[in-house]
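Notes to accompany the following structure.
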Amino acid sequence: MNTVRLTTAQALVRFLANQYSERDGQEQRLIPGVWGIFGHGNVAGIGQALLQAAVTQEADLPYYLARNEQGMVHASVAYAKMRDRLATFACTASTGPGSTNMITGAALATTNRLPVLLLPSDMFATRAADPVLQQLEDTRGGDVTVNDAFRAVSKYFDRISRPEQLIPAALAAMRVLTDPVETGAVTLALPQDVQAEAYDWPIDFFRRRVWHVGRPVPEPAAVERAARLLRTARKPLIVAGGGTVYSGAETALRAFAEATGIPVADTHAGKGAVPWDHPYAVGGIGSTGSYAANELAREADVVLGIGTRYSDFTTASHTVFGNPDVTFVNLNVARLDAVKHSAEPLVADARLGIQALAGALTDWEVDQAYRDRTRQLIARTRQIEEECFHRGHGPLPAQTEILGALNDVLDDRAVVINAAGSMPGDLQQLWRARDPKAYHVEYAYSCMGYEVAAGVGAKMADPSHEVVVLVGDGSYLMMAQEIVTMVSEGLKVIIVLVQNHGFASIGALSESLGSQRFGTKYRYRDRDSGQLDGGILPVDLAANASSLGADVLHAATVEEFRSAMEKAKAATRTTVVHVEADLYGPNPPGHGWWDVPVSETSALDSTRTAYETYAAQKQSQRHYL
Ligand SMILES: Cc1ncc(C[n+]2csc(CCOP(=O)(O)OP(=O)(O)O)c2C)c(N)n1
Ligand SMILES: [Mg+2]
């Protein structure tokens, strides 16, 4: 057998450089590079291997330096989202805190069903000098390390305690990363001594491998059952989720909606699958859904869910589908999602599934009255949007006005990124996405701190898009440091930083739940009240962004914001547009509910009143059986 003597880390680098994904005849590098922050554990293992690869060019695996390990996972995940899960990065971290910093990113990846390869460094396999720096000694057993925490958030986990274990583990890792059903965070924990240990590797381990990403074909009998149910519908509704976009099913979905007249609502991950101004696009559905989508959902007799996991925001915590006789057809590549809500499951790739349904329903469409109803609801929704965009609110603008201006100034291919705060809700109602990549809102894990780091990955995935990170002051304060990475990599990203001195989102939620916005404002602690309700803090986030190397523009009004955005578009460097918005909204009108429990007993009037409202609203929650 032909072998080559390499360390485990050198072997892993060479292996990763030879992995490709393929779908629809298009091949691309599955792992085009490695993010890393070095410390003991990886500096001389993976670090040496990456250096050797760069110097000798034995393996093409570029290295990128992040500023926080969580940030590099977010960047990789954003890259994968832009690439429809066909490519992602590996992330190497040092032992202990460097590695556990990646756990939040791992959970985000797995929740969103987006691939990322994590390479936390682990304790010595030999345990010769235990406990080493950054080692948590576990009294339960010598083989437990902090990296076991990754098991809970990874779709595949292995610890490489001997070099040759890498062979089956690396192959399994690629299998999971490229499987649309299984994909998520994949973790290979690498003890620091094993990374540096040499082994005679069979050279076939390093051959070029192409991982074919399948399009599972729908079962004919399942198509027939689904079509039979859809034919009974008088008021059907499509809910398009992320699977629609990842499968590249936009054209098929549009054609299907036009042929059948079924209106299409979207989830955060599915927005952009149909352009916002398509005659059958009714906008976001659920807790923060649009008027049109939620009205149609209330009446719908058959719901066709496509590539959706039906999170509580999509179902408005099981209240948005109000028809007592509603039934579901779920087209999903994952059986987990296909059977949700006692649906008629159609387990298949979204694009192939839609095409099969279209073929089975060529002679069927909704009646004219329903098409008219959809049109009327869309017209009313447009009026609501325009009211939000042109409130003339003052002295500080309402966030919805800023989003209105942003809709106007950005071109169709611009990608807006967001994850947490009040913006996801506003965007779901108000964002006018035309391109399937235009709406990059991570609303499965809704992780504060995703935004800036994701901007790095999204821009790397496709520099031809203008990438616009929308970030609240809270999210910015959690993780802005990847601005430095943007600057060092020469990535031009626009960051719209909305300063409202606190949590508009959780503040409004708290108030509606009777908790009086407690702990949701960034304020001085007041001497008299003892609470955080003193004056506004002398915090200058624009100066902070500037100190990290970004260019900064200030906007105090919506008009100034428009012109700052024009300048930012023309810029070639990372540019932060700092704009202040009113912490108190006004938000877009709510058309849906979200189940957040209120204290059943309380000494506070506000909580008691909120509990009464909560108990009443809870009545409309149901199982779909
Ligand atoms: C990591 C993390 N911690 C806490 C939360 C809960 N949370 C959701 S939104 C929010 C406040 C966001 O503040 P900001 O970014 O300023 O946005 P705003 O609500 O003001 O629009 C918090 C604390 C979260 N989503 N993620
Ligand atoms: Mg805020």
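Numbering that gives the first Met the number 0 applies: residue 0 is where the sequence shown begins, and numbers increase by one. The beta-carbon is built from N, C-alpha and C at its ideal position, and this holds for glycine as well.
Tell me which residue opens and which closes the alpha helix (DSSP H) that residue i is part of.
| i | result |
| --- | --- |
| Q628 | Residue 628 cannot be examined here, being either before or after the span of the chain that is shown, 0 to 624. |
| S514 | Counting along the chain, S514 falls outside any alpha helix (DSSP H), and DSSP gives it neither H nor E. |
| G35 | First-last for G35: V33 to I36, but that is the beta strand (DSSP E), not the alpha helix (DSSP H). |
| S545 | L540 to S546 |
| Q51 | I45 to T55 |
| P96 | P96 to T99 |
| R297 | Y290 to E298 |
| N322 | Here N322 belongs to no alpha helix (DSSP H), and DSSP marks it neither H nor E. |
| E488 | E481 to E488 |
| P219 | P219 to R230 |
When the Cα of residue i is compared with those of the options, which residue comes out closest?
| i | options | result |
| --- | --- | --- |
| L496 | A92, V575, D539 and A569 | V575 |
| A169 | P587, L116 and H464 | L116 |
| V273 | L252, T287, L303 and F388 | L252 |
| E429 | V302, G44, L405 and I494 | First, the residue type needs correcting, since residue 429 is Leu and not Glu in the sequence shown. It is L405 whose Cα lies nearest to the Cα of L429. |
| K568 | R139, V467 and R224 | V467 |
| S514 | V414, A580, Y610 and V440 | Y610 |
| L229 | M485, N543, V328 and T138 | V328 |
| R208 | H317, E21 and Q134 | E21 |
| Y523 | E510, S511, A507 and G501 | G501 |
| D324 | H340, A315, R334 and P278 | H340 |
| N543 | E510, E558 and I494 | I494 |
| P31 | E223, P396, T399 and Y62 | Y62 |
| L540 | N17, H389, S474 and F205 | S474 |
| G533 | S546, G518 and L547 | G518 |
| T361 | P585, E223 and F37 | E223 |
| R381 | G489, A614 and P588 | P588 |
Once you ignore the five residues that flank residue i on each side, which residues in its own chain have a CB closer than 7 angstroms to its CB?
| i | result |
| --- | --- |
| V152 | I102, A105, A106, T109 and A184 |
| V281 | P262, V263, A264, S289, A291, A292, L295, T373, L376 and I377 |
| S75 | W34, T87, F88, C90, V115 and G456 |
| R84 | L113, P114, P179, T182 and Y245 |
| M477 | M447 and G448 |
| A79 | A86, T87, L113, P114 and V115 |
| Q27 | Y19, S20, L85 and A86 |
| L60 | V12, L15, A16, G32, V33, L49 and A52 |
| A226 | L356, A359 and L360 |
| V440 | H267, N417, A418, P423 and L426 |
Indicate the three-state DSSP secondary structure (helix, strand or coil) for residue i in the structure shown.
| i | result |
| --- | --- |
| P278 | coil |
| T519 | coil |
| V238 | strand |
| G82 | The question names Gly, but residue 82 in the sequence shown is Arg. Here R82 sits in coil by DSSP. |
| Q134 | coil |
| L170 | helix |
| L335 | helix |
| H635 | Outside the shown range of the chain, which is 0 to 624, sits residue 635, and nothing can be said about it. |
| Y309 | coil |
| Q18 | strand |
| R208 | strand |
| P394 | coil |
| P190 | strand |
What residue range is occupied by the uninterrupted beta strand (DSSP E) comprising residue i?
| i | result |
| --- | --- |
| T177 | Counting along the chain, T177 falls outside any beta strand (DSSP E), and DSSP gives it neither H nor E. |
| I494 | I493 to Q498 |
| I30 | Here I30 belongs to no beta strand (DSSP E), and DSSP marks it neither H nor E. |
| L469 | V466 to G471 |
| D157 | Y155 to R158 |
| S120 | V115 to D121 |
Spatial neighbours of residue i within its chain, please: CB distance less than 8 angstroms, with the 5 preceding and 5 following residues excluded, ordered by chain position.
| i | result |
| --- | --- |
| T571 | K491 |
| G283 | A264, D265, T266, H267, K270, S289, A292, Q427 and Q428 |
| A171 | Y155 and D157 |
| N322 | K234, R297, E298, A299 and D300 |
In chain order, what residues of the same chain lie with their CB nearer than 6 angstroms to the CB of residue i, ignoring the 5 residues before and after it?
| i | result |
| --- | --- |
| A248 | A349, R350 and I353 |
| S421 | A503 and S504 |
| Y442 | H267 and P423 |
| W593 | S286 and S316 |
| A333 | V180 |
- Message: Using only Cβ atoms and a threshold of 5 angstroms, which residues come within that distance of a heavy atom of ligand 4? Order them by chain position.
- Response: For the structure depicted, ligand 4 is absent and the ligand set comprises only ligand 1 and ligand 2.
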